[in-house]
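Right, one structure below, let's go through it.
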Amino acid sequence: MAAMQSESAGAHEALMQFLYRAPIGLLQTTLDGTIEMINPMSASLLMPLSRNGDLDNLFTALEEVAPHLRQLVVGYEPSNGAVCDSLRIVVPARGESAAAAQILSISLMKLDELRLMGLVSDVTLEVQREESGLARRLDAAARTDTLTKMPTRPVVRDRIQRAIERARVEPNYDFAVLFMNCDRFKQINDSLGHLAGDEVLGLMANRLRAALRRRNRGDRTADNEAMAGRLGGDEFVVLLDNLQAAEEVHAVAQRLLDVLSQPYSVLGQQLHFTASMGVVLRDHVTGDADAALQDSSIAMVEAKRAGGARYVVFEPSMHERAARRGGIESDLRRALLNHELFVVYQPIVALQIPEGADCPPSHAAGVEALVRWRHPTRGVVPPLEFIGIAEKCGLIGPIGEFVLSAACHQFTVWRRELGRLAPRLLAVNLSRGQLGDSSFVEIVERILRSSGMQPSDLQLEVTESLAAQDESVQARLQQLKALGLSLALDDFGTGYSSLASLHQLPVGTVKIDRSFVSEAVSSAHHHVLIEATVRVARSLGMGTVAEGIETQAQADLVTQLGCEKGQGYLFSRPLSAADLVLWLARNDAPKAS
83 MAAMQSESAG
93 AHEALMQFLY
103 RAPIGLLQTT
113 LDGTIEMINP
123 MSASLLMPLS
133 RNGDLDNLFT
143 ALEEVAPHLR
153 QLVVGYEPSN
163 GAVCDSLRIV
173 VPARGESAAA
183 AQILSISLMK
193 LDELRLMGLV
203 SDVTLEVQRE
213 ESGLARRLDA
223 AARTDTLTKM
233 PTRPVVRDRI
243 QRAIERARVE
253 PNYDFAVLFM
263 NCDRFKQIND
273 SLGHLAGDEV
283 LGLMANRLRA
293 ALRRRNRGDR
303 TADNEAMAGR
313 LGGDEFVVLL
323 DNLQAAEEVH
333 AVAQRLLDVL
343 SQPYSVLGQQ
353 LHFTASMGVV
363 LRDHVTGDAD
373 AALQDSSIAM
383 VEAKRAGGAR
393 YVVFEPSMHE
403 RAARRGGIES
413 DLRRALLNHE
423 LFVVYQPIVA
433 LQIPEGADCP
443 PSHAAGVEAL
453 VRWRHPTRGV
463 VPPLEFIGIA
473 EKCGLIGPIG
483 EFVLSAACHQ
493 FTVWRRELGR
503 LAPRLLAVNL
513 SRGQLGDSSF
523 VEIVERILRS
533 SGMQPSDLQL
543 EVTESLAAQD
553 ESVQARLQQL
563 KALGLSLALD
573 DFGTGYSSLA
583 SLHQLPVGTV
593 KIDRSFVSEA
603 VSSAHHHVLI
613 EATVRVARSL
623 GMGTVAEGIE
633 TQAQADLVTQ
643 LGCEKGQGYL
653 FSRPLSAADL
663 VLWLARNDAP
673 KAS
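So the mapping is simple: the numbering used here equals the position in the sequence shown, first residue as 1, plus 82.
Structure, rendered in structure tokens:
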């Protein structure tokens, strides 16, 4: 028996010696954390955490970095089992010259109702490897666009920069940067939703890849292949690398535009839209990759300004125009504050005179309010130069509100002071930005109330593409009608609507675009289109206005075709409020006599 006890004691001693010398930190404590056994490895790892330089109690030593450890043990009810597994603890770096923080892993196991066994290990290198792997994965994700699986801006920029640097040392090396942006892509998101827009972007990416894959066939290395990337939104960039001839740029640019303009089948609908492209050739690259991207973007804007669905090659002179547009934006913000904007009014005359009417054909059946800008140094700036910029930079809402308020207050002055001579109706254009503003109906209601204008005297005009948009826009138009005002469809014939869909739009007047009126006398096609529009509108109880009448022959024709009202330079250019009063008096002379 004594021999057996001696052997047992020897085995226990051997076990303790093994645990004491083990290359992993081991310790044993009571349930309150009092350390009963700790090997050198544990002591070495835990000592830097001890505030008082002792390791009498595990929970006390770890109070600063793991204050919840004691509560974990207290809350663990089973008589044995894992209390915590691989709890990571940061050992703070001490002093300015100390190395980076050390990471420890602590596991606690409840042996019985009295004791805990702990494992302590240094996992600093493991954590560093995990963080490095995560950083690589995040970097890979950042370099690949999730939606299109295309390279992102950093990758595109890097490839362009390498092309620029290579061109500096290889005189015969040639490349080009192509910057693409969809024409009217926002209308897809607005009318069909962002899911449809995302699907279109994915299809565009596939088409670009397929088109460039055909070009890349042959003996080309990865660094010499054309690549396409997505910068964000509906903006794509293509780098044409290792060009063999200058003509290749033009051929590829046109082919890409043709590919992108093919119909898209999305959500059971056939969508048609085009893209605009700016091209920067090697000879015009004077800076780094960012400068090349900026220049290609400037050229793309020029393509859009020229009507879209085309490419434009960058020229240095475009910098001046881009700077001028940027200057217009800042000047326009100042103009709103300094009251440099003003409103002019173009008469809308009655072409068909109802029996018993009290005004001659030339009298203003209404006026359309139009904004103008009197720049302190440039004089009067044409609307075409600033309206598009105002829409892009978010100023169209404040400008539109100013025009509506000024026009409504002026209209009530005319009605009060001119009596029978005053215009019968005020027409004001609405922009996409205004209709997208959830508070716009309240703004209109407030302006009507403050000006004292009757809602029935106000006509708000929207373009076809706006009137035919999603349910939220349709609902806002219905809310405006509920105020008692009327709605007109502006520039009819230039958007997405057709005669067959007129009955679906919440409008009471159709304004026939000037492009139809200008061709009506010489073109039988346009003649028939105007006649059909008038007939359909009349059948739906809608009025008609012919825009852009400049000759008496045009006026006679649209009158003969049944248009109720006309507007254009034949009758009058846009006038100031004071000049309109003179025009009204002058054109009332036949009635006065």
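Glycine residues also receive a C-beta, built at the ideal position from the N, C-alpha and C atoms.
Fill in: Contacts around Ser378, its chain only, beta-carbon distance under 8 angstroms, and the 5 residues preceding and following it disregarded
Val259, Leu260, Phe261, Val319, Gly360, Val361, Val362, Phe396
Item to complete: Give the single residue among Gly448, Gln434, Ile481, Pro429 whose Cα lies nearest to the Cα of Arg454.
Response: Ile481
Item to complete: Could you please give the first and the last residue of the uninterrupted alpha helix (DSSP H) stretch that includes Leu466?
Response: 465-475
Fill in: Pro233 - partner residues in DSSP beta bridges
Thr226
Fill in: Run of the alpha helix (DSSP H) containing Gln636, from where it starts to where it stops
634-642
Worksheet item: First and last residue of the beta strand (DSSP E) that includes Val362?
Response: 357-363
Worksheet item: Run through DSSP, which three-state label would Asp305 get?
Response: With a pLDDT of 48 at Asp305, under the threshold of 50, the modelled position of that residue is not reliable, and the figure given next carries that caveat. Three-state result, Asp305: helix.
Fill in: CB of Thr545 within 7 angstroms of CB of Val592, strictly
no
Worksheet item: Would you say the stretch 628-644 touches the stretch 592-602, given that touching needs at least three Cβ pairs under 8 angstroms?
Response: yes
Worksheet item: Under three-state DSSP, which class holds Thr368?
Response: coil
Worksheet entry | Cβ neighbour criterion (16 or more within 10 Å) applied to Asn263 | buried
Item to complete: Give every residue of the same chain whose Cβ lies closer than 8 angstroms to the Cβ of Ile478, excluding the five residues on either side of it in the sequence, and list them in chain order.
Response: Ile469, Ala472, Ser513, Arg514, Gly515, Gln516
Worksheet entry | Rounded straight-line distance, which links the Cα of Arg392 to that of Glu402 | 21 angstroms
Fill in: DSSP bridge partner residues for Asp572 (one or two, in chain order)
Thr545
Item to complete: Measuring alpha carbon to alpha carbon, tell me which of Val618, Leu109, Gln269 ends up nearest Lys192.
Response: Leu109
Worksheet item: Cβ atoms of Ser124 and Val202: under 7 angstroms apart, would you say?
Response: yes
Discussion item. Just to confirm the assignment, what range does the alpha helix (DSSP H) spanning Val334 have?
Written reply: 328-342
Worksheet item: Would you say the stretch 603-623 touches the stretch 650-658, given that touching needs at least three Cβ pairs under 8 angstroms?
Response: no
Practice prompt. Assign Ile430 to one of three DSSP states: helix, strand, or coil.
Written response: strand
Discussion item. Starting from Ser51, trace the beta strand (DSSP E) in both directions and tell me its first and last residue.
Written reply: This structure leaves residue 51 out entirely; the chain is present only between 83 and 675.
Fill in: Residue nearest to Pro429 in terms of C-alpha spacing, selected from Ala327, Ala504, Ala335
Ala504
Worksheet item: Closest to Glu252 by CA distance: which of Ala405, Pro236, Asn324, Gly314 is it?
Response: Asn324
Worksheet item: What's the gap between the Cα of Glu212 and the Cα of Leu466?
Response: 57 angstroms
Worksheet entry | Buried versus exposed call for Ile120 [16 or more other C-beta atoms within 10 Å across all chains shown] | buried
Worksheet item: The alpha helix (DSSP H) spanning Asp595 covers which residue range?
Response: No alpha helix (DSSP H) holds Asp595; DSSP gives it neither H nor E.
Practice prompt. Please confirm if the stretch 525-540 is in contact with the stretch 559-570, defined as three or more CB-CB distances below 8 angstroms between the two stretches.
Written response: yes
Worksheet item: Mind checking Val462: buried by the 16 CB within 10 Å criterion, or exposed?
Response: exposed
Item to complete: Kindly provide the ranges of any alpha helix (DSSP H) runs that are 4 or more residues long and lie completely inside the stretch 116-201, ordered along the chain.
Response: 122-128, 140-143, 151-157
Item to complete: Could you tell me which residues DSSP pairs with Gly311 in its beta bridges?
Response: Val319
Worksheet item: What three-state label does DSSP hand Gly275 in the structure shown?
Response: coil
Fill in: Nearest to Thr633 (by Cα), restricted to the options Val610, Val603, Glu613, Gln642
Val603
Fill in: Range covered by the alpha helix (DSSP H) that runs through Gln352
Segment 351-353 is the beta strand (DSSP E) holding Gln352; no alpha helix (DSSP H) there.
Fill in: Where Ala659 falls: helix, strand or coil (DSSP)
helix
Worksheet item: Using the beta-carbon count (16 or more within 10 Å), is Asp305 buried or exposed?
Response: Residue confidence is low: Asp305 scores 48 on pLDDT, short of 50, so the model does not pin down where it sits. Its coordinate-derived value is still stated next. That one is exposed.
Worksheet item: Mind checking whether Tyr158 and Val165 have CB atoms under 7 angstroms apart?
Response: yes
Worksheet item: When you compare each of Val485, Ala404, Val172 to Glu422 by their alpha carbons, which one comes out closest?
Response: Val485
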